[in-house]
Amino acid sequence: MGSKASTQGEKTGEAEKTELEPSPIPRLDNAIVVSQISKDNDIRFGNGRFTYLNPIGKGGFGIVTMVVDTDTSYPYAMKMERCAASYKNEVEAYEKLMGVQGVAKFYSTFREQGFTFLQLELVGISLLQFVRAKGRKLRRTEAFKLAPQMIDILEQIHERGLILDFGFTSTYLDSDVEHLEATTRAPRGTVLYMSANQHLSIYNSRRDDLESLIYTLMDICKVSLPWRNLQAPTNRCGHHAYFDMKQGGMDGSKICDVPEFKKALIMCRALEYDEKPNYEKFKRVFKLNSARAATVSVKPDLPNRVYRCNLIREEEEILLKFDVNKEVTETSEIAELIEMNNSPDADD
Ligand SMILES: Nc1ncnc2c1ncn2[C@@H]1O[C@H](COP(=O)(O)OP(=O)(O)OP(=O)(O)O)[C@@H](O)[C@H]1O
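In terms of our numbering, the sequence shown opens at residue 30 and continues consecutively.
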């Protein structure tokens with residue numbers, strides 16, 4: 030495996046292990062929507078340093094909230110998770126990806142009340158939110174304009190030795206910085222965008238990231254993914270059905286009629302497991318001629334908007350635990366969660 034990132038201090042409950050220069054305050058016109066919780070409560074994280082403003086997103090392992098540093102008034106995204114194992118992996122990945130354009134900067138990590146926190150740069154909306162904000166799928170020209178930028182980001186991530194393993198970044202290099210041997214692993218991740226080979230349990234590598242990116246682009250510009258209506262695979266047979274469809278014939282050419290996507294998928298199919306993709310060649314597939322590209326704007330209509338997500342009651346109750354003015358009334362559910370997080374296994 031690649032080098033281990035520092036996770037020191039994670040058990041101490043103290044903030045600030047990776048203090049960096051804060052980025053300038055992003056312009057957040059229309060942005061701050063004070064949540065119902067914060068109207069009546071003074072919720073603080075990091076020994077009182079960060080004041081909670083509102084929830085902005087949810088992931089597989091926890092919630093992301095918008096906070097403000099009470100000393101500097103800088104806003105940040107604060108990711109709050111229960112799962113110590115996934116958090117360690119995530120911190121490592123953020124540290125390796127420092128400086129990659131398109132990836133939120135990581136500032137610090139701490140533990141509090143059985144939860145792990147990641148202080149991150151507050152960035153704008155996600156691609157999905159962007160598409161939602163538009164109120165329609167993207168036009169192909171818009172998706173083609175985004176594609177080279179996304180391939181660029183992917184290239185930078187790969188240069189740091191990481192592949193995007195559907196929410197769990199992992200390395201494709203060993204300790205000698207050589208590509209890991211081909212191996213197998215049960216498919217995991219988002220079935221819709223998983224590469225064909227992953228359905229056959231072939232461990233993913235750089236080529237699979239590109240294939241997933243192309244499926245994502247197809248989806249955001251309304252090019253149908255023929256396997257969209259297939260039943261979710263629960264066994265090998267189910268995964269084979271997906272593989273056959275995603276394979277789209279020997280060279281992938283039957284998946285869709287859009288020449289750019291077809292070409293890019295054929296290029297993915299031609300890549301060996303440990304081969305470094307020719308990112309420039311992939312980008313060229315999508316590059317429009319300059320006159321056409323100049324007419325297409327893919328800027329979100331509300332550039333700096335930060336969305337607010339809704340929380341379920343359990344999540345609100347968890348946040349209320351951090352209310353500095355309130356007596357903590359733990360429901361058995363929360364107590365259970367905390368116990369789980371404080372158990373010796375949680376730090377392994
Ligand atoms: N730094 C950030 N700035 C602004 N919003 C963010 C930031 N990080 C995450 N978000 C928002 O919070 C949501 C949840 O993020 P999170 O990283 O927990 O999960 P995810 O990456 O979407 O999924 P997974 O749990 O599979 O990793 C994102 O979709 C995004 O909308």
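Just so it is clear, CB atoms sit at the ideal spot from N, CA and C, and this is done for glycine as well. Values in this document were obtained by computation on a predicted structure and should not be read as measured data.
DSSP state of residue i mapped onto helix, strand, coil
| i | result |
| --- | --- |
| GLY77 | coil |
| SER52 | Low confidence applies here, because SER52 scores a pLDDT of 43, under 50, leaving its location unreliable and the question unanswered by this model. |
| LYS87 | strand |
| ILE92 | strand |
| GLU309 | helix |
| GLN185 | helix |
| GLN227 | helix |
| ILE249 | helix |
| LEU151 | coil |
| LEU202 | strand |
| ALA106 | strand |
| ASP237 | helix |
| LEU193 | strand |
| ILE72 | strand |
| LEU317 | coil |
| THR170 | helix |
| LEU82 | strand |
| VAL353 | coil |
| VAL120 | helix |
Cutoff 6 Å; reference residue i; Cβ partners in own chain excluding five residues on either side
| i | result |
| --- | --- |
| GLU240 | SER224 and CYS297 |
| HIS187 | ARG235 |
| LEU340 | PRO84 |
| VAL93 | ILE85, GLY86, ALA106 and LYS108 |
Bounding residues of the alpha helix (DSSP H) (the contiguous stretch that carries residue i)
| i | result |
| --- | --- |
| GLN276 | 265–276 |
| THR138 | It is not in any alpha helix (DSSP H) - THR138 instead sits in the beta strand (DSSP E) that spans 135–141. |
| PHE159 | 156–163 |
| PHE290 | 288–298 |
| GLU207 | Run containing GLU207: none; DSSP gives neither H nor E here. |
| GLU344 | 342–349 |
Rounded straight-line distance, which links the Cα of residue j to that of residue i
| i | j | result |
| --- | --- | --- |
| ALA261 | GLN276 | 17 Å |
| LYS283 | ARG217 | 25 Å |
| GLY77 | TYR136 | 17 Å |
| ILE347 | ILE85 | 15 Å |
| GLU121 | HIS268 | 31 Å |
| THR80 | SER155 | 23 Å |
| GLY153 | THR200 | 27 Å |
| SER102 | GLN185 | 31 Å |
| GLY131 | ASN264 | 36 Å |
| MET274 | GLU309 | 28 Å |
| VAL287 | GLU345 | 45 Å |
| TYR123 | PRO177 | 22 Å |
| ILE180 | ASP100 | 38 Å |
| ALA133 | HIS228 | 30 Å |
| PHE173 | GLU119 | 30 Å |
| ASP203 | THR324 | 45 Å |
| TYR116 | ASP98 | 22 Å |
| THR138 | CYS266 | 42 Å |
| ASP237 | LYS355 | 49 Å |
| ILE61 | ARG342 | Residue placement at ILE61 cannot be trusted, given a pLDDT of 38 that sits under 50; what the coordinates show is reported in the next sentence. Distance between the alpha carbons of ILE61 and ARG342 is about 21 Å. |
| THR170 | LEU317 | 8 Å |
| ASN233 | LEU242 | 13 Å |
| PRO306 | TYR271 | 24 Å |
Top-ranked residue by Cα proximity to residue i, from the options
| i | options | result |
| --- | --- | --- |
| ASP303 | ALA215, LYS350 and ALA211 | ALA211 |
| LEU209 | LEU191, PRO216, SER326 and THR94 | LEU191 |
| PHE290 | CYS250, VAL325 and TRP256 | CYS250 |
| THR213 | ASP203, LEU202, ASN226 and LEU221 | ASN226 |
| LEU175 | PHE351, LYS350 and SER326 | SER326 |
| CYS338 | ASP71, GLY88 and ILE72 | GLY88 |
| LEU416 | LEU317, ARG168, LEU202 and PRO216 | Summary: the structure shown does not reach residue 416, with the chain confined to residues 30 through 377, and so no result is reported for it. |
| PHE311 | THR324, ILE341, ILE182 and GLN148 | ILE182 |
| ARG111 | ASN83, ALA133, LEU147 and THR99 | LEU147 |
| PHE351 | ARG140, ARG265 and PRO306 | ARG140 |
| VAL206 | THR198, ARG189, THR219 and LEU193 | ARG189 |
| THR145 | LEU259, LYS125 and GLY75 | GLY75 |
Contacting residues, own chain, Cβ-Cβ under 8 Å from residue i (five flanking each side not counted)
| i | result |
| --- | --- |
| LYS292 | VAL314 |
| LEU11 | This structure gives no information on residue 11, because the portion of the chain shown stretches from 30 to 377. |
| ILE231 | ALA211, THR213 and TYR302 |
| VAL353 | ASP71, ILE72, ARG73 and GLY77 |
| VAL129 | ILE182, GLN185, ILE186 and ARG189 |
Check: residue i C-beta below 7 Å from any heavy atom of ligand 2
| i | result |
| --- | --- |
| LYS174 | Absent from the structure shown: ligand 2. Ligands present: ligand 1. |
Own chain partners of residue i with C-beta closer than 7 Å, once the 5 adjacent residues on each side are dropped
| i | result |
| --- | --- |
| ALA299 | none |
| GLY91 | LYS108, MET109, GLU110 and ARG111 |
| LYS166 | VAL160, ILE249, CYS250 and LYS251 |
| MET95 | LEU82, ASN83, ILE85, PRO104, ALA106, LEU151 and VAL335 |
| CYS285 | MET247, VAL252 and LYS291 |
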